[in-house]
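Residue numbers (my numbering): 63 to 816.
Where is the CB? At the ideal position from N, CA and C, for every residue including glycine.
Read through the structure below, which is laid out as C-alpha cells, and then see the notes.
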Amino acid sequence: MTNVRQNDDDELENEDSYYNASDEEDDDDDDDCYIDDSEQDECVDFSVVFPPETFCPVDTNVGAMTTNTPTTAADFRYEFHEDSDVLHTPPESEDEELGHNYPTFKMSDGSIGVQFHKGLTFNNKQQAKEAIKEYAMETMKNIYIKKNEKEFLVAKCDHSGCPFHLRISKRVGNEFWQIVSFIDEHACHRTPRNRQAKTNYLAKKFVSTLRHTPEMKVKGLIALAIEKWGVKLSHDQAYRAKLKAIEIIQGAGRDQFIYLRSYADELRESNRNSTVIIQCDMANVGPIFQRIYVCLEACKAAFAFTCRPLIGLDACFLKGEHGGQLMAAVGQDGNNQMFPIAYAVVEAETKESWQWFLNLLLEDLNNVQPSQYAFISDQQKGLVPAIQNLGNHVEQRLCVKHLRDNWSKKYPGMELKEVFWMAARATTVPAWERAMNRLKAMNEKAWKDMKGVPPAMWTRSHFKLDTQSDLQVNNMCEAFNRSILEYRDKPIITLLEGIKHYITKRIGTQKDLMQRYRGNICPIIQEKLELTKRVADRWQPTWHHDDDFAIFGVTNGTETYIVNLIQKTCTCRKWDLTGIPCCHAIACIWHNKKEPEDYVSSYYRKSTFMATYSHIILPTNGPQLWRISRTAAINPPVVRRAIGRPKKNRNKANDEKKNPPHVLPSDLKTKTCKKCHLMGHNKRTCGGKRAADRLIPKGGNKKANKSDTQGTNCASGSGAGGSSAGGFGVQGSDGAATILTQGSQPPPTQDSQT
C-alpha cells in the first residue's frame, strides 16, 4: 500500500537540480530483481532526562469536546501519523532533521493499486524497478525500463507515440531513490502482451492461488492472467510459472536436504522421546543422504500399550525429484482400522535397508512395552529374509492376496482359486488338510507349490494366538499408502511434515468420531458380532455341569465343538484367534443368560480405542526458529534417471481393474467399424476392404483370380455375357455386356423393375 504524506515543496520542479546522473551502465538484471518490502524503521534515541514537571503539565492546548458527535480516527490525526513506525515532523517542529518530508513507497497488499506521483521515494533501486513492474501489470500497459543507469531510471511505454514518462533518480548524499518526473498520460491501446509478465513475477502471483488449488490446470492460469492483468500467456509461459510457483510453495527439493538435520532436531525437541535417525554416505563433496527413520512418541506409545502386536510392513515408490522408497510400519486399532507406527525414507528396497528399519522399530517398541511382535507383509525384495533374521520366535505372515496373485499366474482358474481360499481361511488343521487334499486331486503341481510355503505364513490354522488377529491381507499398509499419496511427490521435508500432519489430523478425527459413538464395543467389531449372532441360533449348547458354568459342548447335528467360557476358547479356534466370540461361544453365553459383548477382548472396547488416540503429536516450529546445525550440510542423493518421461502411476496386476467402475472393458462392447460401418471389428482390423467386398461369398475372390490366370476376357457386344479380368459379365437390357467389378451390385433388369 502506498502511504503518502502531503508536501508543498516546490524544489522538485527542476528535476536534476539535486541529482547527479551517470552514463555508466548498470549490470543489474531487472528480470531477477528482489524487492525489499520491509518497512524501514527510523530509530530515535531519546536520551534526555525529563524533569518531574514534564509528567505534570500545568496547562494544555487540548480543549474539552462539547459536541455530541461520535469520535472517529480522523479526530486524532492532527497529532499522530497513521503509521506509528514513521517519524512525522510537522513544519513547525524544531527537530534537528528539519527538512522536506517526502512520501515513502510501500508495496501494496493487493487491495489498493500502485500509485505514482512526483516526489515519491523508494528505499532502493530494486524496489523502484519492482514498483514499475507492478504498475505496468495493474494498469495493463506495456511499460518497460528504457534506461537503467547507475543513478537514475527512465520508464517509457512501448507504444512509439505514447507520452507516458517516468524518471526515478538517486538522491545525492542519501540512500534512497525518488520520482523527479512523471507524466501519467497514455495515447496507446491495450494489447494482450506485456513485457513485465515474466516467469518470476507470474510465479509469485500464482502462489496464493496454487496454495489452495494445486490441481489447477495450465488453462486455468491462462484464464486467470487474462482476467487479472489482461495478459494472454502462452501455454509454455503459464507452465513455467506454475512450476516455479509450486517450487516456492513446496520448497526447492535440493535445498531441503541442507536443513534436514535442523528439522530432525526440532522434531525431537518438540516431541520428546521421538526417534529421528539420519544415515548418510560420506563422499568427497561431503555427506550424501541415504536414509531417515521417524517414529513419533505418540505413535509408538499408543501402539505398544493399547493395540494388538501385529505389524504390517510395506514400501512404496516416491515420485519426487530424488526418487527413493517410503517404508512404513502400520498396526491396527481397536476398530480394525490402520494406525501408523513408524516410517522411513530409504534409497532402495533391499535386505539391508529392511533390516535397518526393523531393528530400529523393534528397539523403539521394546523400550516402551516388550512383547512378541508379529509381522505381515507381501513377498517384497529382501523383506522376508530380513524378518527371518530377527529369530524363529517372530511370527511372520504373508499377504494371502499377493501370494494368490503370484500363484494364479501359473495356475489360473476359478475352481483352483476357491480351493486356495478354502485352505487359507481354515481355522483348524483338519480343515486345512482336507482343502489341501482337494487341491492335490485337482492339480498336483499347484499342491506342491503351496506345500513349499510354510503353513504358518498363510493359513489361519497355523497362526499363533498371541496377536488375537486372524488378519491375512495387508490392507492397513495399502490404506496408509493411499492416504499419503498427495505427499509422495514432494521434497524430503515437505514429505515428512505432510505425513506427520496427516497422522495428527487423523488422531483428532478418530477421537472425535468415537466420542460421539454410544456403544461400548467399537462399531466395526460390533457389526461383526451381530453377523455372528445370526448364525448362533443354529447351534445347540450342552452344559457339562461344571461349577463355573463354563464348559459346554455345542453341536448342529453334524459338527460338534467344545467351548470354555472362562478360558475364552473354542475348538474351532475362531474365538482364540480374534478375541471375538464365535457362533458356538455365543450360543453358550446365551444359555447362561449373559451378553456376548461382555466376552469381547479388551482390545476392541471403546475405552481402549480412546486410550489409543489420547496420545497426541505436538506441533513443531517453522524453519525460522530451527536450530542451526554446526555439522556439514547434507547433499541430496545422486539419482540415475531413466530415458523418457517419469512414470507416476503404478503398474497394475493382471487381475486388477484398469477402467473406472462405470466404464465397460473393450471386449464387452459391440464394436462398429468406422470404415465399412459393420459390427464385429474395428477400423484397424478392417484390412482396407469396403462393405461390398465383405458381402462377396467365400471363395469369390479365388474364382476371380483363377479366371484371370486362364486369360478369359469378356467380349463387349456379344450375345453371351463374358467376364473381364477381376469381374463378372451380365447381359444388359440393350444386349450389351455390363462389366461388374468386385463389390458392386448388378444393375436392375427389366424383370426386377417390373
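Could you round the C-beta distance between residue i and residue j to whole angstroms and report it? I think they count as a contact, below 8 Å.
i    : j    : result
V356 : Y405 : 6 Å
I583 : I679 : Wrong, their Cβ atoms sit about 27 Å apart, outside the cutoff.
E457 : K413 : Their Cβ separation, rounded to whole angstroms, is 20 Å, which puts E457 and K413 out of contact at 8 Å.
Q318 : I555 : 4 Å
I215 : K191 : Reading the sequence as shown, one finds Leu at residue 215 and not Ile. Right, the Cβ-Cβ distance comes to about 7 Å (below 8 Å), so this counts as a contact.
N185 : G374 : With 8 Å as the limit, N185 and G374 do not qualify as a contact, their Cβ atoms being about 57 Å apart.
K362 : I403 : 6 Å
M672 : M576 : 6 Å
L388 : R550 : 7 Å
E540 : M504 : The Cβ separation is near 30 Å, so there is no contact.
V408 : G386 : 6 Å
Need the endpoints of the beta strand (DSSP E) that residue i sits in, please.
i    : result
H251 : No beta strand (DSSP E) contains H251, which DSSP labels as neither H nor E.
H227 : H227 to K232
W637 : That residue, W637, is in no beta strand (DSSP E); its alpha helix (DSSP H) goes K636 to T640.
S243 : W239 to I245
A406 : M400 to V408
V662 : No beta strand (DSSP E) contains V662, which DSSP labels as neither H nor E.
W605 : Q602 to W605
K208 : I205 to N210
G514 : Neither: G514 is in no beta strand (DSSP E) and is coded neither H nor E.
N626 : T622 to N626
I613 : I613 to T617
V392 : Q387 to Q394
Shorter than 8 Å from the beta carbon of residue i to some beta carbon of chain B?
i    : result
N626 : Among the chains of the structure shown, chain B does not appear; only one protein chain is present.
What is the rounded straight-line gap between the Cα of residue i and the Cα of residue j?
i    : j    : result
F437 : T490 : 21 Å
F401 : T674 : 9 Å
H455 : N428 : 15 Å
A390 : K590 : 28 Å
W416 : A410 : 9 Å
R466 : K381 : 28 Å
Q530 : R334 : 31 Å
S296 : T571 : 43 Å
R41  : T271 : Lying before the first or after the last residue shown, residue 41 is absent from the chain, which here runs from 63 to 816.
F238 : N346 : 46 Å
G453 : T631 : 28 Å
E77  : V242 : Any reading at E77 must be qualified, since the residue scores a pLDDT of 44, below 50, and its modelled position is unreliable; no value is offered.
Y435 : T337 : 19 Å
A285 : W291 : 10 Å
I628 : D610 : 8 Å
I350 : E383 : 15 Å
L372 : Q450 : 16 Å
K212 : R257 : 22 Å
R702 : D298 : 27 Å
H653 : V446 : 46 Å
F268 : N236 : 36 Å
I230 : Q189 : 11 Å
V280 : L305 : 10 Å
I561 : K552 : 11 Å
L228 : L558 : 49 Å
V700 : I288 : 41 Å
A314 : P698 : 11 Å
T682 : F379 : 27 Å
Hey, quick one: how far does the alpha helix (DSSP H) through residue i stretch, first residue to last?
i    : result
Y263 : T261 to H274
F542 : N537 to S545
Y564 : I554 to Q577
M848 : Outside the shown range of the chain (63 to 816) lies residue 848, about which nothing can therefore be said.
G282 : V280 to W291
C645 : C645 to H653
V597 : P585 to A598
I194 : K187 to T201
K294 : No alpha helix (DSSP H) holds K294; DSSP gives it neither H nor E.
A673 : K668 to T674
For this session: Tell me the start and end of each unbroken beta strand (DSSP E) in the segment 304-383 that is at least 3 residues and wholly inside, in chain order.
Result: 337-345, 348-357 and 372-379
Exercise. Looking at C-beta atoms only, is the number of pairs between the segment 249-258 and the segment 217-230 that lie closer than 8 Å three or more?
Worked result: yes
Exercise. Are there three or more Cβ pairs, one per stretch, closer than 8 Å when the segment 639-654 is compared with the segment 360-369?
Worked result: no
Problem set entry | Stretch pair the segment 682-694 + the segment 326-339: three plus CB contacts closer than 8 Å | yes
Problem set entry | Uninterrupted alpha helix (DSSP H) stretches inside the segment 415-478 (no shorter than 4 residues) | 445-450 and 462-470
Problem set entry | contact_flag[the segment 256-265, the segment 189-206] where n(CB pairs < 8 Å) is 3 or more | yes
Problem set entry | Contact between the segment 647-657 and the segment 597-608 (3+ Cβ pairs under 8 Å) | yes
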